[in-house]
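Report on the structure given below.
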Ligand SMILES: Nc1nc2c(ncn2[C@@H]2O[C@H](COP(=O)(O)OP(=O)(O)O)[C@@H](O)[C@H]2O)c(=O)[nH]1
Ligand SMILES: [Mg+2]
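Numbering (my numbering), first residue to last: 2 to 160.
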């Protein structure tokens with residue numbers, strides 16, 4: 002992943018603000034907990050639905066730079082979308098999540114992209130398909146191509 006422009010590649014320490022957004026129950030909290038704490042909270046009752054916005058941190062090394070990632074876990078219910086507005090504004094990257102086994106969540110990613118863009122037009126977006134265990138990449142590819150076409154982007158090459 003290339004670094005956002007605000008990060009000086011020569012600096013030894015940098016911060017990166019990452020918004021994790023998308024419809025409810027697409028696995029945003031599980032994704033962050035797995036990445037930060039290396040646990041998979043399979044039972045939703047262990048963490049419950051996200052209300053407002055939680056922040057978890059993790060430092061990673063990219064070349065010789067220690068990058069402190071601030072991961073903002075936002076609520077996926079649309080009625081809560083504006084509660085995280087102050088986090089959308091500081092985000093440099095947005096992981097836009099959808100559940101690969103549920104096409105309706107894919108269609109709702111545009112709502113979340115617009116919501117973040119409205120507050121933060123410079124934010125970069127990375128589309129993240131979750132729950133790979135429930136669906137094959139081949140089945141998912143048509144969704145991705147449709148989404149990219151809707152933004153006038155080239156078809157995706159899956160590697
Ligand atoms: N099969 C499967 N289920 C997942 C995966 N990630 C999350 N889940 C389940 O999806 C549900 C919603 O997860 P959660 O992280 O709370 O979603 P969020 O509302 O987007 O934060 C939970 O029951 C999780 O156990 C995954 O990779 N595979
Ligand atoms: Mg959550």
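Ideal Cβ positions, reconstructed from N, Cα and C, are used throughout, including at glycine.
Treat the numbers as computed from the prediction; the structure is a model and nothing was measured.
The criterion of a C-beta distance shorter than 8 Å is satisfied by residue 84 and residue 54. At least one heavy atom of ligand 1 sits closer than 7 Å to the Cβ of residue 28.
By the 16-neighbour rule on beta-carbons within 10 angstroms, residue 123 is exposed. Rounded to the nearest whole angstrom, the CA to CA distance from residue 93 to residue 135 is 30 Å.
Residue pairing for residue 18: DSSP places it in a beta bridge opposite 71.
Residue 109 sits buried, since 16 or more C-beta atoms from the chains shown fall within 10 Å of its C-beta. Between the beta-carbon of residue 95 and that of residue 27 there is about 14 Å, and that puts the pair past the 8 Å contact cut. A distance below 7 Å between beta-carbons, with the five flanking residues on each side excluded, links residue 118 to the following residues of its chain, in chain order: 124. Ranked by Cα distance from residue 67, the options 146, 31, 17 are led by 17.
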